[in-house]
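Input: a single structure, listed below in structure tokens.
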Amino acid sequence: MNAFNSIVGYDSIKRELEQILDIFLDPEKYSRLGVRTPRGLLLYGEPGTGKTTMAKALSDHSGRPVFLCRKNQPGGDFIRTIEATFRKAKEAAPSIVFLDDMDKFANGDERHRDAEEYVTVQACIDDVREAEVYVIATVNDMNKIPRSLYRAGRFDTVISVPCPNVEEAEKIIGHYLNEKKNVGAVDSATVARLLNGNSPAKLESLINEAGLYAGFEQQEQIEMKHFLRACLHSVYKVSNAVLDGMEKQKPDLTDRNNILTQIIYHEAGHAVVREVMDPGSVTLVSAYSQKNEKGGFTRYSPGTHAMERTRRLMIEVLTSLGGIAALEQCLGLTDTGGARDLNEAFNIVGDLVAEDCFRGFGLHMDENFRDPEQLRVRQEAVTAAEIERLYRKTKEILSVNRDFLEAIVQALSEKIVLTENDVREIRSRHKITEVTVC
Numbered sequence: 003m004n005a006f007n008s009i010v011g012y013d014s015i016k017r018e019l020e021q022i023l024d025i026f027l028d029p030e031k032y033s034r035l036g037v038r039t040p041r042g043l044l045l046y047g048e049p050g051t052g053k054t055t056m057a058k059a060l061s062d063h064s065g066r067p068v069f070l071c072r073k074n075q076p077g078g079d080f081i082r083t084i085e086a087t088f089r090k091a092k093e094a095a096p097s098i099v100f101l102d103d104m105d106k107f108a109n110g111d112e113r114h115r116d117a118e119e120y121v122t123v124q125a126c127i128d129d130v131r132e133a134e135v136y137v138i139a140t141v142n143d144m145n146k147i148p149r150s151l152y153r154a155g156r157f158d159t160v161i162s163v164p165c166p167n168v169e170e171a172e173k174i175i176g177h178y179l180n181e182k183k184n185v186g187a188v189d190s191a192t193v194a195r196l197l198n199g200n201s202p203a204k205l206e207s208l209i210n211e212a213g214l215y216a217g218f219e220q221q222e223q224i225e226m227k228h229f230l231r232a233c234l235h236s237v238y239k240v241s242n243a244v245l246d247g248m249e250k251q252k253p254d255l256t257d258r259n260n261i262l263t264q265i266i267y268h269e270a271g272h273a274v275v276r277e278v279m280d281p282g283s284v285t286l287v288s289a290y291s292q293k294n295e296k297g298g299f300t301r302y303s304p305g306t307h308a309m310e311r312t313r314r315l316m317i318e319v320l321t322s323l324g325g326i327a328a329l330e331q332c333l334g335l336t337d338t339g340g341a342r343d344l345n346e347a348f349n350i351v352g353d354l355v356a357e358d359c360f361r362g363f364g365l366h367m368d369e370n371f372r373d374p375e376q377l378r379v380r381q382e383a384v385t386a387a388e389i390e391r392l393y394r395k396t397k398e399i400l401s402v403n404r405d406f407l408e409a410i411v412q413a414l415s416e417k418i419v420l421t422e423n424d425v426r427e428i429r430s431r432h433k434i435t436e437v438t439v440c
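Below, the structure is given as structure tokens:
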């Protein structure tokens with residue numbers, strides 16, 4: 003059995019861990035080559051990404067005694083524990099010291115990177131340098147530990163453990179679904195894209211939450227609707243009160259002053275612009291308005307094809323403007339809730355103008371420029387003009403794809419939540435016309 007079979011996804015990281023494990027299991031092969039045994043491994047990344055699981059799999063299959071050190075004592079006592087842990091490991095060498103959540107060893111901010119706990123760890127690592135003591139550490143925030151601690155010679159291998167990509171998330175979700183009983187027609191690929199950017203621990207928690215909803219409803223199977231509810235509640239922070247009332251919402255699309263109608267058109271505008279310009283990218287669209295809670299959101303993942311940076315950023319701007327444009331074009335209203343969208347659009351275009359020379363080298367902010375205020379005024383004028391141009395393009399996209407827009411609006415008014423599959427099915431029934439942007 004492979005030592006890392008319990009870890010789903012992360013193939014490149016598992017390959018590195020397999021190489022380290024091979025050194026433990028067959029050291030003579032490497033000594034014949036004159037290769038020095040590496041002294042340590044540091045795994046860093048957000049909480050819940052599986053760093054401890056990876057470290058444990060490596061240490062458990064190493065054939066070496068393992069000495070775990072985790073912060074569970076006040077400062078002075080814990081420093082003595084660190085020293086005792088390394089002393090025991092040195093006596094039992096070849097061995098492994100496992101420093102779990104090392105960034106929690108001292109008070110957690112950058113000002114404490116020279117804390118006595120880290121100084122002690124560093125001194126202990128140096129003390130066992132000539133012994134066969136391998137040190138494994140896991141860290142959530144690298145900013146909280148001194149750089150000198152994780153330099154080569156102390157930790158020869160430093161590996162970032164990010165949240166899984168969509169493909170890895172699909173494997174992880176499929177693995178967790180297989181552990182559940184009575185799962186209905188659940189599309190793990192759709193769930194993975196809905197939950198893109200979440201840690202494996204979060205994915206497992208959300209899948210379990212979906213099962214809890216199914217049980218509360220007296221259902222025999224966990225269905226897609228339960229995953230949607232778990233996603234809306236735990237990822238997008240929609241309250242249970244709103245979720246309970248979503249199915250009862252009956253917006254009057256003929257009433258342009260109806261708040262929910264406005265929200266639906268706004269989110270449909272975002273979704274249509276994005277889906278037209280980046281096919282297959284929309285993963286979730288939602289709109290709701292109940293009592294004191296109202297809102298909506300449209301989420302995206304990378305589409306079906308790669309694109310160069312400027313075009314990708316232009317699509318981000320067009321998407322941001324889509325909600326405002328839909329309300330103006332379809333309901334004849336000014337979207338007073340679009341400030342965040344406008345800020346996002348202006349920030350992107352402003353950076354393109356000032357930093358990427360998107361509209362000429364003369365607008366680049368050079369440190370030797372004698373009148374930065376004058377340059378800033380010119381940059382802002384060009385940015386505003388570019389936003390105006392892109393807003394007209396946004397309205398053109400919605401105009402030539404009006405049937406697609408109205409179909410999304412109708413579906414969103416009926417279902418309140420549209421998934422990637424819903425959007426794809428609606429798109430397949432309509433002729434889509436892309437608009438040239440640049």
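Sequential numbering from 3 applies to the sequence shown in the numbering used here. A virtual CB, placed ideally from N, CA and C, is assigned to each residue, including glycine. Computed from a predicted structure; not experimentally measured.
Same chain only: Cβ atoms within 7 Å of residue i, ignoring 5 sequence neighbours per side
| i | result |
| --- | --- |
| arginine 391 | none |
| leucine 179 | Val185, Val188, Ser190, Ile209 |
| arginine 195 | Val168, Thr285, Ser303, Glu422 |
| glutamine 75 | Thr83 |
| glutamate 211 | Ala232, Ser236 |
| valine 351 | Val319, Thr385, Glu388, Ile389 |
| glycine 155 | Arg41 |
| tyrosine 238 | Phe299 |
| leucine 19 | Phe6, Met56, Leu60 |
| threonine 321 | His272, Val275, Arg276 |
Other residues of its chain near residue i: CB distance less than 6 Å, five sequence neighbours each side excluded
| i | result |
| --- | --- |
| methionine 104 | Ala139, Val141 |
| alanine 203 | Gly50 |
| phenylalanine 157 | Gly42, Leu44 |
| glycine 301 | The amino acid at residue 301 is misidentified as glycine; the sequence shows arginine. Same-chain partners within the cutoff: Thr285, Leu286. |
| asparagine 109 | none |
| lysine 433 | none |
| tyrosine 32 | Ile25 |
| tyrosine 317 | A quick correction: the sequence has isoleucine, not tyrosine, at residue 317. Around isoleucine 317: Met279, Asp280. |
| threonine 336 | none |
| alanine 117 | Ala108 |
| lysine 173 | Val10, Gly11 |
| phenylalanine 360 | Leu354 |
Nearest-angstrom Cβ-Cβ length linking residue i and residue j, presumed shorter than 8 Å
| i | j | result |
| --- | --- | --- |
| asparagine 184 | glutamine 223 | 5 Å |
| serine 64 | isoleucine 98 | 6 Å |
| phenylalanine 107 | lysine 73 | 5 Å |
| isoleucine 161 | leucine 205 | So it is not a contact: roughly 20 Å between Cβ atoms. |
| threonine 51 | cysteine 165 | 6 Å |
| lysine 92 | valine 137 | Actually they are not in contact, since the Cβ atoms of lysine 92 and valine 137 sit about 11 Å apart, beyond 8 Å. |
| leucine 44 | tyrosine 152 | 5 Å |
| glycine 271 | glycine 324 | 4 Å |
| leucine 23 | leucine 60 | 6 Å |
| serine 288 | valine 419 | 5 Å |
| phenylalanine 88 | valine 37 | Contact doesn't hold; Cβ gap of about 24 Å is too wide. |
| valine 355 | valine 384 | 5 Å |
| aspartate 170 | glycine 11 | The sequence shown places glutamate at residue 170, not aspartate. About 3 Å; that satisfies the 8 Å criterion. |
| proline 40 | threonine 159 | 6 Å |
| alanine 95 | alanine 133 | 5 Å |
Residues that residue i bridges to, as DSSP identifies them
| i | result |
| --- | --- |
| glycine 42 | Val137 |
| phenylalanine 363 | In DSSP, phenylalanine 363 forms no bridge with anything. |
| threonine 55 | Answer is none; threonine 55 lacks a bridge partner. |
| phenylalanine 69 | Val99 |
| valine 425 | Valine 425 is not bridged to any residue. |
| leucine 420 | Val287 |
| isoleucine 224 | Val185 |
8 Å CB neighbourhood of residue i in its chain, flanking five on each side removed
| i | result |
| --- | --- |
| methionine 3 | For methionine 3, the predicted model reports a pLDDT of 47, less than 50, meaning its position is unreliable; a value from the coordinates is still stated below. Excluding sequence neighbours, methionine 3 sits near nothing in its chain. |
| serine 207 | Ser236 |
| leucine 333 | Arg258, Thr263, Gln264, Tyr267 |
| leucine 245 | Arg231, Leu234, His235 |
| valine 123 | Ile84, Leu101, Met104, Phe107, Leu151 |
| alanine 409 | Ile428, Arg431, His432 |
| glutamate 2 | Past the edges of the chain, shown from 3 to 440, lies residue 2, and the structure says nothing about it. |
### Task
Pick out the complete alpha helix (DSSP H) segments inside the segment 244–330, 4 residues or longer, and give them in chain order.
Here the runs fully enclosed are 261–279, 311–328.
### Query
Is it true that the segment 317–334 meets the segment 393–412, where meeting means three or more beta-carbon pairs spaced less than 8 Å apart?
The segment 317–334 vs the segment 393–412: in contact.
### Message
Across the segment 408–421 and the segment 379–394, are there enough close Cβ pairs to call them in contact, namely three or more that are closer than 8 Å?
### Response
No: the two stretches stay apart, fewer than three of their Cβ pairs being nearer than 8 Å.
### Message
Runs of 4 residues minimum, wholly inside the segment 89–172: which ones carry the alpha helix (DSSP H) assignment?
### Response
Correct list: 118–129.
### Task
For the segment 189–216, list the alpha helix (DSSP H) runs that are entirely contained and at least 4 residues long, ordered along the chain.
DSSP runs (the alpha helix (DSSP H)) wholly in the segment 189–216: 190–196.
### Task
Decide yes or no for the touch test of the segment 272–283 against the segment 423–430: beta carbon pairs closer than 8 Å, at least 3 of them.
When Cβ pairs closer than 8 Å are counted between the two stretches, the segment 272–283 is seen to touch the segment 423–430, the count reaching three or more.
### Any alpha helix (DSSP H) of 4 or more consecutive residues that is wholly inside the segment 383–422
Inside the segment 383–422, DSSP marks whole alpha helix (DSSP H) runs of 4 or more residues at positions 404–417, from first to last along the chain.
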